[in-house]
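First the structure, in the form of structure tokens, and then the observations on it.
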Amino acid sequence: YSGSFQLTFGKIKALKKAGIKTVVMTTVNNVNLKEIPEVIDLMVENGVDLFGFHRLVPIGNGRTMAEDLITPNDYRQLLFLLDEKQRNFKNCATSFGKGEPLWKLLQFEKGLPSKLKSGYEKLIWGGCNIGCSEMDILEDGTALACRRIPIPIGKLPEQKIRDVFLFSAELNKMRRIDKLEKCKDCELLFHCRGCRAMAYAVYGDYYKPDPQCWKNLQ
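Its first residue numbered 1, the sequence shown is counted upward by one per residue in the numbering used here.
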């Protein structure tokens, strides 16, 4: 509603005054794409402790905004701009979340990080968290591999969390990174793997490529 943006920053100041750390997340789409750099400036100016974002994933209510998905090239340009902007901030108290898998692709394009030592090439070092370090539990106990992939992988309390995470047949299917189209042939397989939720939302198949990945495999 009108005035909510200003009200939000007023509450951020109140939280900081009370010694409570502040985290701001936003959803990036084609509608607000050009505003994100300015939003980052506001985060820094207001001393927000952590700022991060996720891409619009067209599931649930997001289906009505499917036409507002960012193009692969525009997404690359946004990440590049944000990376440069972060590097230019001096004495900045704001941290920037870089959990989006395609950050890894941009970092490798820029030469970071350096190549891993021999023997460590086939260990997962980052990228999509599905099957590695994430599981979501809904209010009714339904377990999901990712909040943005509406496929149940188990049910609590009927099942133990450990059993769901380790032995769910559906989750083990999602762990088959050797079946990921495009990614399985990419040198960044163990670092990135794109967003499986985005692939599922757009193509109905989480083995499909991330539709916003800009990397061309020769």
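For glycine and all other residues, C-beta sits at the position ideal for the given N, C-alpha and C.
| Query | Result |
| --- | --- |
| Beta-carbon contacts of residue 127 that lie in its chain and below 7 Å, excluding the five residues immediately before and after | 101, 104, 191, 192, 193 |
| Backbone secondary structure at residue 70 - three-state DSSP | coil |
| DSSP three-state assignment for residue 21, whether helix, strand or coil | coil |
| Counted within 10 angstroms of its Cβ, other Cβ atoms place residue 171 as buried (16 or more) or exposed | buried |
| Separation of residue 43 from residue 89, as counted between CA atoms | 12 Å |
| Residue 178 burial status per 10 Å Cβ neighbour count (16 or more: buried) | exposed |
| Residue 100 - DSSP class collapsed to helix/strand/coil | coil |
| CA-to-CA distance, residue 141 to residue 203, given in whole angstroms | 27 Å |
| Residue 50 (DSSP reduced to helix, strand or coil) | strand |
| Own chain, CB closer than 7 Å to residue 149, minus 5 neighbours either side, in chain order | 196, 197, 200, 206 |
| Span of the alpha helix (DSSP H), counted from its first residue to its last, around residue 37 | 36 to 45 |
| Distance CB(residue 155)-CB(residue 143) smaller than 8 Å | yes |
| Neighbourhood of residue 82 by C-beta distance below 8 Å, restricted to the same chain and skipping five residues each side | 36, 37, 40, 96 |
| Straight-line gap, residue 47 to residue 12 (C-alpha atoms, nearest Å) | 9 Å |
| Burial state of residue 131, where buried means 16 or more other Cβ atoms lie within 10 Å | buried |
| Residue 60, DSSP secondary structure in three states | helix |
| Local conformation of residue 162 per DSSP, three classes | helix |
| Helix, strand or coil at residue 124 [DSSP, three-state] | coil |
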